[in-house]
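Engineer:
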Ligand code: GDP
Ligand code: IMO
Ligand code: MG
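In the working numbering, the protein residues as written are 2 to 431.
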């Protein structure tokens, strides 16, 4: 059995965690391949809510080995807190269940301080999560980062951390007029982290290769979404890592020959946290309706930062782009239930600029803010659809909404999620 890759097709928060959980039961390995704790993936199982930031969503199932791949940046403080939370929810987080790639990078308090200082100094804000992601990937690319393998040597790790903080303090103080960090105290904490996480460090690329060789299924869990990809997203309003298919290969150390399904997770409408262009954004009543008030766990408020998400109509121009960028073999649609009661339901299938209509984006995501969406109104439906378990259980208008997405993008839909609980899902092709 091959490697299946699960990727966000929009600006993140599409429901990747929920979908991973729906298909992870049969997998031998679930592996995160990019980003860090800027991600917030939610799994709801038997009424319990699990919020994952670094650990793959497969952890909620008892079976799969969970891997934090080489493409990740890992804040050990956050990882420890996440493990404590999961343990309190009855989840095994032992080194037998969770492996960390020796080649992943470590994220420190210095990266967080720099992220916040850089964002504060920016004239045009990105709206980062403030988790230190940009600075950690910058160091990695500049070849002066700290790799997770150092956690196997606590004393050496503490020395390296101290030197790293002292070096960074110069930037904090001189460039941003910020107070320096306490290098000795941070080094001492990392000495402890090394003792905790040392046993989790492994050559995870070899573990993935072994599993694939013996015919097992490996699921690669993407973080963020295609439109936040460092190269292909709405630069500079992106994250600092490859969020798409290419990231799965480099971030796990696996070859393209192993590839099976490329699953694009699509929310039934569009959301975005942070700054950047968003052609179909609805700032009024519709936006508020799509967001919800925050009273429901699935309402559109950030899993990581709690920020209200910007909301708008589904943008098929962007979905076509995502499908092409990743070679998506299928879409999985989430949160269709949220559209119940909206009439009409709008989709954007083309853009207009200067009197000209564009069915394709001329320069990728560049200049996205200069386009105006051209909407098609589709009939809505009033019924609560959370109890639907087959296509036939859905009102005709909801069925037609899904079929329209398939038709306009040329990508088949395999699953439709109508609620956050495990069983609230429809196998579309059955
Ligand atoms: P991720 O980052 O892509 O994993 O997505 P998040 O977990 O940040 O946000 C998705 C939210 O929607 C979570 O609260 C999920 O529990 C919830 N969710 C996922 N699928 C559905 C669905 O079909 N219906 C509803 N109502 N909520 C869903
Ligand atoms: P999941 O995996 C939604 C956004 C931030 C900001 C931009 C850069 O839960 O889908 P960063 O801290 O990465 O430098 O911020 O990227 N962002 C996300 N938005 N979901 C995410 O993750 C995100 N991770 C980062 O809001 O606009
Ligand atoms: Mg999220």
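All residues carry an ideal CB built from backbone N, CA and C; glycine is no exception.
This structure is a prediction, so every number in the text was calculated from the model and none was measured.
For the ligand MG, I want to know if residue 269 counts as a neighbour, meaning its beta carbon is within less than 7 Å of at least one of the ligand's heavy atoms.
Structural biologist: As a first step, residue 269 must be located in the chain shown, where it is residue number 268. It does not: the Cβ of residue 269 is nowhere closer than 7 Å to a heavy atom of the ligand MG.
Engineer: Would you identify the three-state DSSP class for residue 197, choosing helix, strand or coil?
Structural biologist: Within the chain shown, numbered from 1, the residue matching residue 197 stands at position 196. In the structure shown, residue 197 sits in a helix (DSSP, three-state: H, G or I).
Engineer: If you compare alpha carbons, which of 380, 386, 416 is closest to residue 402?
Structural biologist: Numbered from its first residue, the chain shown carries residue 402 at position 401. Here the closest residue by C-alpha is 380.
Engineer: May I ask you to report which of helix, strand or coil DSSP gives residue 394?
Structural biologist: As a position in the chain shown, residue 394 is number 393, starting the count at 1. DSSP places residue 394 in helix when its eight states are reduced to three.
Engineer: From residue 129 to residue 118, what does the alpha carbon distance come to, in whole angstroms?
Structural biologist: Within the chain shown, the letter at position 128 stands for residue 129. Within the chain shown, the letter at position 117 stands for residue 118. Straight-line Cα distance between these residues: approximately 11 Å.
Engineer: Determine the closest residue to residue 263 out of 388, 326, 228, with distance taken between C-alpha atoms.
Structural biologist: As a first step, residue 263 is located in the chain shown; it is residue number 262 there, counting from the start. Nearest C-alpha to residue 263: 326.
Engineer: Can you tell me whether DSSP reads residue 94 as helix, strand or coil?
Structural biologist: Walking along the chain shown from the start, residue 94 turns up at place 93. Note: residue 94 maps to coil in three-state DSSP.
Engineer: Between the Cα of residue 410 and the Cα atoms of 237, 209, 259, 315, which residue gives the shortest distance?
Structural biologist: Translated into positions along the chain shown, residue 410 becomes position 409. Closest by alpha carbon: 315.
Engineer: Please report the Cβ distance between residue 224 and residue 33, rounded to the nearest whole angstrom; I am assuming they are in contact, meaning their Cβ atoms lie under 8 Å.
Structural biologist: As a working mapping, residue 224 is identified with position 223 in the chain shown. As a working mapping, residue 33 is identified with position 32 in the chain shown. Going by Cβ atoms, the distance from residue 224 to residue 33 rounds to 6 Å, so yes, they are a contact pair.
Engineer: Which ranges would you report for the alpha helix (DSSP H) in the region 219 to 294 if only whole runs of at least 4 residues count?
Structural biologist: Listed in chain order, the complete alpha helix (DSSP H) runs (minimum 4 residues) inside the region 219 to 294 are 246 to 253, 286 to 292.
Engineer: Nearest-angstrom Cα distance between residue 299 and residue 164?
Structural biologist: The sequence position of residue 299 within the chain shown is 298, counting from 1. The sequence position of residue 164 within the chain shown is 163, counting from 1. So the two alpha carbons sit approximately 43 Å from each other.
Engineer: On the three-pair Cβ rule with 8 Å, is the region 28 to 44 touching the region 170 to 180?
Structural biologist: No, the region 28 to 44 does not touch the region 170 to 180.
Engineer: Confirm the yes/no value for this check: CB of residue 165, any heavy atom of the ligand MG, distance under 7 Å.
Structural biologist: If you number the chain shown from 1, residue 165 lands on position 164. Result no, Cβ not under 7 Å from the ligand MG.
Engineer: What would DSSP say about residue 374, mapped onto helix, strand or coil?
Structural biologist: Mapped onto the chain shown, residue 374 falls at position 373. DSSP places residue 374 in strand when its eight states are reduced to three.
Engineer: Where do the ends of the beta strand (DSSP E) carrying residue 32 lie?
Structural biologist: Stepping through the chain shown from its first residue, residue 32 is reached at position 31. Run containing residue 32: 30 to 33, per the beta strand (DSSP E) assignment.
Engineer: Please report the residue range of the alpha helix (DSSP H) in which residue 417 lies.
Structural biologist: As a first step, residue 417 must be located in the chain shown, where it is residue number 416. Careful: residue 417 lies outside any alpha helix (DSSP H), inside the beta strand (DSSP E) at 414 to 418.
Engineer: The beta strand (DSSP E) with residue 100 in it runs from where to where?
Structural biologist: Your numbering for residue 100 matches position 99 in the chain shown. Here the beta strand (DSSP E) through residue 100 covers 99 to 102.
Engineer: Rounded to a whole number of angstroms, what is the C-alpha to C-alpha distance between residue 246 and residue 328?
Structural biologist: Numbered from its first residue, the chain shown carries residue 246 at position 245. Numbered from its first residue, the chain shown carries residue 328 at position 327. Cα-Cα distance, rounded: 8 Å.
Engineer: Go through its chain and collect everything with a Cβ distance to residue 395's Cβ below 7 Å, but skip five positions before and after it.
Structural biologist: As a working note, residue 395 is residue 394 in the chain shown. If we look at residue 395 and ignore the five residues flanking it on each side, its Cβ neighbours are 386, 389.
Engineer: Does at least one heavy atom of the ligand IMO sit under 7 Å from the Cβ of residue 224?
Structural biologist: Mapped onto the chain shown, residue 224 falls at position 223. For the ligand IMO, at least one heavy atom lies less than 7 Å from the Cβ of residue 224.
Engineer: Consult DSSP for residue 347 and reduce its assignment to one of helix, strand or coil.
Structural biologist: Residue mapping note: residue 347 aligns to position 346 of the chain shown, counting from 1. Residue 347 falls in the strand class under three-state DSSP.
Engineer: So the candidates are 366, 116, 293; which of them puts its Cα closest to the Cα of residue 169?
Structural biologist: Here the question's residue 169 lines up with position 168 in the chain shown. The candidate whose alpha carbon is nearest that of residue 169 is 116.
Engineer: Looking only at C-alpha atoms, which of 332, 200, 376, 333 sits nearest to residue 349?
Structural biologist: Translated into positions along the chain shown, residue 349 becomes position 348. Comparing Cα positions, the closest option is 376.
Engineer: Thinking C-alpha only, which one of 294, 351, 341, 306 is nearest residue 321?
Structural biologist: By one-based count along the chain shown, residue 321 stands at place 320. Measuring from the Cα of residue 321, the nearest candidate turns out to be 351.
Engineer: Quick one: grab the DSSP three-state call for residue 428.
Structural biologist: The count along the chain shown starts at 1 and reaches residue 428 at position 427. Here residue 428 sits in strand by DSSP.
Engineer: Can you tell me where the beta strand (DSSP E) with residue 46 in it begins and where it stops?
Structural biologist: Counting from one through the chain shown, the residue named residue 46 turns up at place 45. Residue 46 -> beta strand (DSSP E) spans 42 to 46.
Engineer: How about residue 39: is its Cβ closer than 7 Å to a heavy atom in the ligand IMO?
Structural biologist: As a position in the chain shown, residue 39 is number 38, starting the count at 1. Under cutoff, so the answer is yes.
Engineer: Residue 342: buried (16+ other C-beta within 10 angstroms of its C-beta) or exposed?
Structural biologist: Along the chain shown, read from residue 1 onward, the residue named residue 342 stands at position 341. By the neighbour-count rule (16 or more Cβ atoms within 10 Å), residue 342 is not buried but exposed.
Engineer: Helix, strand or coil: which one does DSSP assign to residue 106?
Structural biologist: Residue mapping note: residue 106 aligns to position 105 of the chain shown, counting from 1. If DSSP states are grouped into helix, strand and coil, residue 106 belongs with the strands.
Engineer: Cα-Cα, which of 7, 369, 103, 96 is closest to residue 58?
Structural biologist: Here residue 58 refers to the residue found at position 57 when the chain shown is read from its first residue. Taking only the C-alpha atoms, the option nearest residue 58 is 7.
Engineer: Which one of 415, 345, 124 has the shortest CA to CA distance from residue 335?
Structural biologist: Taking the chain shown and counting its residues from 1, the one referred to as residue 335 is at position 334. Selected option, being the one with the closest Cα: 415.
Engineer: When every heavy atom of the ligand IMO is checked, does at least one fall within less than 7 Å of the C-beta of residue 14?
Structural biologist: By 1-based counting over the chain shown, the position of residue 14 is 13. Checking the Cβ of residue 14 against the ligand IMO gives yes.
Engineer: Indicate, with yes or no, if the ligand SAH has a heavy atom lying under 7 Å from the CB of residue 42.
Structural biologist: The ligand SAH is absent from the structure shown, which contains only the ligand GDP, the ligand IMO and the ligand MG.
Engineer: Would you say the beta carbon of residue 298 is closer than 7 Å to some non-hydrogen atom of the ligand GDP?
Structural biologist: As a position in the chain shown, residue 298 is number 297, starting the count at 1. Result yes, Cβ under 7 Å from the ligand GDP.
Engineer: Relative to the ligand IMO, is the shortest distance from any of its heavy atoms to the C-beta of residue 304 smaller than 7 Å?
Structural biologist: For the purposes of this step, residue 304 is taken as residue 303 along the chain shown, with counting starting at 1. At least one heavy atom of the ligand IMO is nearer than 7 Å to the Cβ of residue 304, so yes.
Engineer: Checking 8 Å against the spacing of the C-beta atoms, do residue 233 and residue 195 come in under that value?
Structural biologist: The residue labelled residue 233 in the question sits at position 232 within the chain shown. The residue labelled residue 195 in the question sits at position 194 within the chain shown. It is not a contact, given that the beta carbons lie outside the stated cut-off.
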